[in-house]
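Participant:
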Amino acid sequence: MTTLTETRNPASADLAPIGLVEAQAFVWAEAELLDRHDYLPWLALWTEDGRYIIPIERDADDYAAVLNIAYDDGEMREARVKRLRSGFSMSSAPPARTVRTVSRFVVETSEPGALVLRAAQIIVEYKYTRTRTLAADVTYRLVREGERLLLDRKVVTLINSDDTLHGIGYLF
Amino acid sequence: MTDVAVEDYAALVRDDRVHTSLYRDAAIFEAEMDRIFKNSWVWVAHASEIADRNSYKTSYVGRQPVIVTRDKDGQVHVLLNRCRHRAASICEARKGKSSVFVCPYHGWSYNVDGSLRKVPYAEGYRDDFDKAEFSLVSLRTEDYNGMIFATFREDIQPLAEYLGPARKWIDLFMKQGAGFGVKALGEHRFRFPGNWKIQLENTTDAYHFPIVHKTFLSSLDEETENLMDVLGQGGWVEDLGNGHSVMVMIPDLIDLEDNLHAPIPERFADLAAELAAEGHADDQVRRIVRAVGGSGFNLNLFPNVACSMAFFRVLRPISVEETEIQHIAIGMDGGPEAGNRMRMRLHEHFQGPMGFGTPDDAEGWERVQRGAQAGDDLWIMLNRGVEAPEGRAAPGHNAGDVSAETGMRAAYQMWKRMMAV
Numbered sequence: 068m069t070t071l072t073e074t075r076n077p078a079s080a081d082l083a084p085i086g087l088v089e090a091q092a093f094v095w096a097e098a099e100l101l102d103r104h105d106y107l108p109w110l111a112l113w114t115e116d117g118r119y120i121i122p123i124e125r126d127a128d129d130y131a132a133v134l135n136i137a138y139d140d141g142e143m144r145e146a147r148v149k150r151l152r153s154g155f156s157m158s159s160a161p162p163a164r165t166v167r168t169v170s171r172f173v174v175e176t177s178e179p180g181a182l183v184l185r186a187a188q189i190i191v192e193y194k195y196t197r198t199r200t201l202a203a204d205v206t207y208r209l210v211r212e213g214e215r216l217l218l219d220r221k222v223v224t225l226i227n228s229d230d231t232l233h234g235i236g237y238l239f
Numbered sequence: 002m003t004d005v006a007v008e009d010y011a012a013l014v015r016d017d018r019v020h021t022s023l024y025r026d027a028a029i030f031e032a033e034m035d036r037i038f039k040n041s042w043v044w045v046a047h048a049s050e051i052a053d054r055n056s057y058k059t060s061y062v063g064r065q066p067v068i069v070t071r072d073k074d075g076q077v078h079v080l081l082n083r084c085r086h087r088a089a090s091i092c093e094a095r096k097g098k099s100s101v102f103v104c105p106y107h108g109w110s111y112n113v114d115g116s117l118r119k120v121p122y123a124e125g126y127r128d129d130f131d132k133a134e135f136s137l138v139s140l141r142t143e144d145y146n147g148m149i150f151a152t153f154r155e156d157i158q159p160l161a162e163y164l165g166p167a168r169k170w171i172d173l174f175m176k177q178g179a180g181f182g183v184k185a186l187g188e189h190r191f192r193f194p195g196n197w198k199i200q201l202e203n204t205t206d207a208y209h210f211p212i213v214h215k216t217f218l219s220s221l222d223e224e225t226e227n228l229m230d231v232l233g234q235g236g237w238v239e240d241l242g243n244g245h246s247v248m249v250m251i252p253d254l255i256d257l258e259d260n261l262h263a264p265i266p267e268r269f270a271d272l273a274a275e276l277a278a279e280g281h282a283d284d285q286v287r288r289i290v291r292a293v294g295g296s297g298f299n300l301n302l303f304p305n306v307a308c309s310m311a312f313f314r315v316l317r318p319i320s321v322e323e324t325e326i327q328h329i330a331i332g333m334d335g336g337p338e339a340g341n342r343m344r345m346r347l348h349e350h351f352q353g354p355m356g357f358g359t360p361d362d363a364e365g366w367e368r369v370q371r372g373a374q375a376g377d378d379l380w381i382m383l384n385r386g387v388e389a390p391e392g393r394a395a396p397g398h399n400a401g402d403v404s405a406e407t408g409m410r411a412a413y414q415m416w417k418r419m420m421a422v
């Protein structure tokens, strides 16, 4: 599930290792984009084949083979962002306000130009006088491309992913 | 809310409207749990969810938690999830496989048919302690084409009779198995802060579709967007009796075994090629592809389940202003993996907490509940489309055009019959 080399193109890869501090800075910048609902720059953070996955099942070997909350390739991410930005989706116009923190970073594997990082994410969500807290384990696969890092895979496993949720009008 | 001074529930349902207290009066909700959910057939499972011997799932009949089991002879049992000793729930897993249920509190163990197997330290009871008196409470259980229902009542009509003309639509819906049979592939579960009947109405509400789901429609390719023009294809809504109704949105997709030689839609071209490469004959490829695309209608079964285009929608009342929904994805039982994967991706696209459809539905339902707090004597209007389109529905059945509120009127007339006792 977290093989580093799966989607790497060795020919173009910048193989300098990705350090924890560099990775954290990337993850925090991404988190802030999402809290600001600033989705166009968020789309640009991804590799072409990157997968954004919000699973239901907690131990699936292959998320493509099971039902998920979201299983997005690039096309679906774009469609999702278009929807959230359109102003015509009742659940995201206006969206809930969110404030999130990402912490408890652990490097799972590190290879030249690629890093798999696990972290904890806490989101506090507010809409219609109601404040909710959502916790998740997040796994990031980051790859280096030229001067920047890109998201190649992000799996957000909510603490209650296989239980009852509510309508979500923003991104994790 | 005290606008119902007496229990004159019949007065709250008129032919073309229902009173707002049906959404917000806690006393009415309590009466519904008693008079409706304890007096009718309530859906608890699809057969594929407990396919194997000794498999089980947990579910609800109204507010009462149950375990749905399949015993070693294949017989299905629906058992109250409560130890007969001191009431502890005996199973908290959502599903699984077990030949015995053991209460975690004092270790009473039960067979999957509910019979009490063993009591620890039995010498503490008198000699006349009779295990037969302490089986798990077992509900009357019947199924139709894989849809398993249970009821607290021994004396109501058989399930098949209760479903009546809805059976034909269940049979059509199950053609999504493409000859392999239908299998539950997984489910989304979510809650919204609103009354259960708001959700019941929604399954037979084509009117909202182009409005609420504008962003879903605009995320589709042009061919599919045209297909999903649900108001523009001559569809209809038909009252099927006993509160059930069918809303036909895409008449071409009523019978998935018809029109097999129509061109394969562009979005299924890759799937068709993959199936052909796997060695499926052209007829079989077409049949599978058409099944993967889903049915063109919503069948609403009173009070708690719908066969909705390509999935089962199950509602569970929690309180007068809280409802839990399951959207169960279905696919082919043993059919090609590629087809089932596509079914799951299509399901994720619209359904669930982050689908392109469900969150907007849920927000709409919440807005209904919030808005319904205003006004002291206002009514929920159900007067859309009282004229039947010609030649559509079965003779003798009340029908309206696809965006008519016929299905809601049908459900509320059943509500009235059950509540005004």
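Sequence order for the protein chains is A and B.
Going by this note's numbering, the residue at position 156 of the first sequence is 223; the numbering climbs one at a time, nothing skipped.
Going by this note's numbering, the residue at position 180 of the second sequence is 181; the numbering climbs one at a time, nothing skipped.
For every residue, glycine included, the Cβ atom is placed at its ideal position computed from N, Cα and C.
(1) How about B/ARG410 and B/ASP16: are their beta carbons less than 8 Å apart?
(2) Could you tell me if B/ARG291 is buried or exposed, where buried requires 16 or more neighbouring beta carbons within 10 angstroms of its beta carbon?
(3) If we require 3 or more residues per run, which beta strand (DSSP E) segments fall completely within the region 314–360 of chain B?
(4) Going by alpha carbons, who is nearest to B/HIS214 out of B/ARG418, B/PRO360 and B/ARG368?
(5) Can you find a C-beta in chain C that's less than 8 Å from the C-beta of A/ILE235?
(6) Give me the chain B residues within the contact set of A/TYR138, using Cβ-Cβ distance strictly less than 7 Å, ordered along the chain.
(7) On the criterion of 16 or more Cβ atoms from any shown chain inside 10 Å, does B/ALA6 qualify as buried, or is it exposed?
(8) Quick check on the DSSP output: the beta strand (DSSP E) that includes B/ASP271 runs from which residue to which?
(9) Should B/ILE251 be listed as close to the ligand FAD, given that the test is whether its C-beta is under 7 Å from any heavy atom?
(10) Can you list, in chain order, the residues of its chain whose CB lies under 6 Å from that of B/PHE313, leaving out five sequence neighbours each side?
(11) Let me know if B/THR3 comes out buried or exposed under the rule of 16 or more other beta-carbons within 10 Å of its beta-carbon.
(12) So, does the region 269–285 of chain B touch the region 220–238 of chain B, judging by three or more C-beta pairs under 8 Å?
(13) Tell me which residue opens and which closes the beta strand (DSSP E) that A/GLN188 is part of.
(14) Let's see if you can read the secondary structure: which residues bound the beta strand (DSSP E) around B/ARG141?
(15) Who are the neighbours of B/VAL213 on chain A, taking C-beta pairs under 8 Å?
(16) Does A/THR231 have its Cβ less than 8 Å from a Cβ in chain B?
(17) Where does B/ALA373 fall in DSSP's three states?
(18) Could you work out which residue in A/PHE239, A/ARG220 and A/LEU218 is closest to A/ILE226 when comparing CA atoms only?
(19) Using beta-carbon positions only, say whether B/ASN196 and B/TYR24 come within less than 8 Å of one another.
(20) Using a Cβ cut-off of 8 Å, which residues of the region 95–111 of chain A contact any Cβ in chain B, in chain order?
(21) DSSP beta-bridge partners for B/GLU239?
(22) Report the rounded CA-to-CA distance for A/ALA186 versus A/ASP126, giving the unit in angstroms.
(23) Do the region 150–164 of chain A and the region 357–375 of chain B meet, that is, are 3 or more Cβ pairs less than 8 Å apart?
(24) Hey, out of B/TRP170, B/ILE51, B/GLU143 and B/MET148, whose CA is closest to B/GLU155's CA?
(25) Hey, which unbroken runs of the beta strand (DSSP E) at 3 residues or more fall wholly within the region 80–163 of chain A?
(26) Given A/GLU97, which residues of its chain have a CB within under 8 Å of its CB, disregarding the five upstream and five downstream residues?
(27) Just reading off the beta strand (DSSP E) that B/TRP44 is part of, what are its end residues?
(28) Any beta carbon from chain A within less than 8 Å of B/GLU224's own beta carbon?
(29) What residues are listed by DSSP as bridge partners for A/GLU178?
(30) Determine, using beta carbons only, whether B/LYS184 and B/ASP334 come nearer to each other than 8 Å.
(31) What is the residue span of the beta strand (DSSP E) that B/PRO66 lies within?
(32) Would you list the one or two residues that DSSP bridges to B/ASN260?
(33) Among the candidates B/ASP284, B/MET248 and B/VAL247, whose CA atom is the shortest distance from the CA of B/ASN260?
(34) Compare the beta carbon distance of A/ALA146 and B/SER220 with 8 Å and say whether it is the shorter of the two.
(35) Report yes if the C-beta distance between B/ILE149 and B/ALA46 is below 8 Å; otherwise report no.
(36) Identify, in the order they occur along the chain, each residue of the same chain with its Cβ nearer than 7 Å to the Cβ of A/PHE172, setting aside the five sequence neighbours on each side.
Facilitator: Quick look at the numbers:
(1) Counting from 1 along the second sequence, the entry for residue 410 of chain B is found at position 409. Counting from 1 along the second sequence, the entry for residue 16 of chain B is found at position 15. In contact: B/ARG410 and B/ASP16 (Cβ atoms closer than 8 Å).
(2) As a working mapping, residue 291 of chain B is identified with position 290 in the second sequence. Result: buried.
(3) 323–333
(4) For the purposes of this step, residue 214 of chain B is identified with residue 213 of the second sequence, where counting begins at 1. Of the candidates B/ARG418, B/PRO360 and B/ARG368, the one whose C-alpha sits nearest the C-alpha of B/HIS214 is B/PRO360.
(5) Protein chains A and B are contained in the structure displayed, whereas chain C is not.
(6) Sequence index remark: in the first sequence, residue 138 of chain A carries index 71 (1-based). Per Cβ cutoff of 7 Å: ARG346 and GLU349.
(7) Residue mapping note: residue 6 of chain B aligns to position 5 of the second sequence, counting from 1. Legend: pLDDT at B/ALA6 = 48, less than 50; position of this residue unreliable, value from coordinates given subsequently. Exposed.
(8) Translated into the one-based positions of the second sequence, residue 271 of chain B becomes position 270. Element bounds for B/ASP271: not the beta strand (DSSP E) but the alpha helix (DSSP H), 270–278.
(9) Of ligands this structure carries none, so the ligand FAD is not represented either.
(10) Here residue 313 of chain B corresponds to residue number 312 of the second sequence, with the count starting at 1. Result list for B/PHE313: ILE329, in chain order.
(11) As a position in the second sequence, residue 3 of chain B is number 2, starting the count at 1. Only weak support exists for where B/THR3 lies, its pLDDT of 46 falling under 50; the coordinates are left without a value.
(12) no
(13) Taking the first sequence and counting its residues from 1, one reaches residue 188 of chain A at position 121. Residues 181–194.
(14) Taking the first residue of the second sequence as 1, we reach residue 141 of chain B at position 140. Segment 139–145, the beta strand (DSSP E) holding B/ARG141.
(15) Counting from one through the second sequence, the residue named residue 213 of chain B turns up at place 212. Under the 8 Å cutoff, chain A gives MET157.
(16) The residue you call residue 231 of chain A lines up with position 164 of the first sequence. Closer than 8 Å: yes.
(17) Translated into positions along the second sequence, residue 373 of chain B becomes position 372. In this structure, B/ALA373 counts as coil in the three-state DSSP scheme.
(18) What you label residue 226 of chain A is simply residue 159 of the first sequence in a count that begins at 1. Nearest option by C-alpha distance: A/PHE239.
(19) In the second sequence, residue 196 of chain B corresponds to position 195, counting from 1. In the second sequence, residue 24 of chain B corresponds to position 23, counting from 1. It is a contact, given that the beta carbons lie within the stated cut-off.
(20) none
(21) By 1-based counting over the second sequence, the position of residue 239 of chain B is 238. Note: B/GLU239 sits in a beta bridge opposite B/VAL247 and B/ALA400.
(22) Your numbering for residue 186 of chain A matches position 119 in the first sequence. Your numbering for residue 126 of chain A matches position 59 in the first sequence. Roughly 17 Å between the two C-alpha positions.
(23) yes
(24) Here residue 155 of chain B is taken as the residue at index 154 of the second sequence, counted from 1. Among B/TRP170, B/ILE51, B/GLU143 and B/MET148, the Cα nearest to that of B/GLU155 is on B/GLU143.
(25) 113–122 and 135–139
(26) As a first step, residue 97 of chain A must be located in the first sequence, where it is residue number 30. Correct list, in chain order: TRP109, LEU112 and LEU218.
(27) Taking the second sequence and counting its residues from 1, one reaches residue 44 of chain B at position 43. Counting along the chain, the beta strand (DSSP E) containing B/TRP44 begins and ends at 43–47.
(28) Sequence index remark: in the second sequence, residue 224 of chain B carries index 223 (1-based). No, B/GLU224 does not count as interfacial toward chain A.
(29) Start at 1 with the first residue of the first sequence, and residue 178 of chain A comes out as number 111. Paired residues: A/ALA181.
(30) Counting from one through the second sequence, the residue named residue 184 of chain B turns up at place 183. Counting from one through the second sequence, the residue named residue 334 of chain B turns up at place 333. Going by C-beta atoms, B/LYS184 is nearer than 8 Å to B/ASP334.
(31) Along the second sequence, read from residue 1 onward, the residue named residue 66 of chain B stands at position 65. Its beta strand (DSSP E) spans residues 65–71.
(32) Indexing the second sequence from 1 puts residue 260 of chain B at position 259. B/ASN260 is not bridged to any residue.
(33) Here residue 260 of chain B is taken as the residue at index 259 of the second sequence, counted from 1. It is B/ASP284.
(34) Your numbering for residue 146 of chain A matches position 79 in the first sequence. Your numbering for residue 220 of chain B matches position 219 in the second sequence. Against a cut-off of 8 Å, the Cβ pair of B/SER220 and A/ALA146 comes out as a contact.
(35) Mapped onto the second sequence, residue 149 of chain B falls at position 148. Mapped onto the second sequence, residue 46 of chain B falls at position 45. Yes.
(36) Locating residue 172 of chain A in the first sequence gives position 105, where the first residue counts as 1. The residues are LEU87, GLN91, LEU184 and ALA186.
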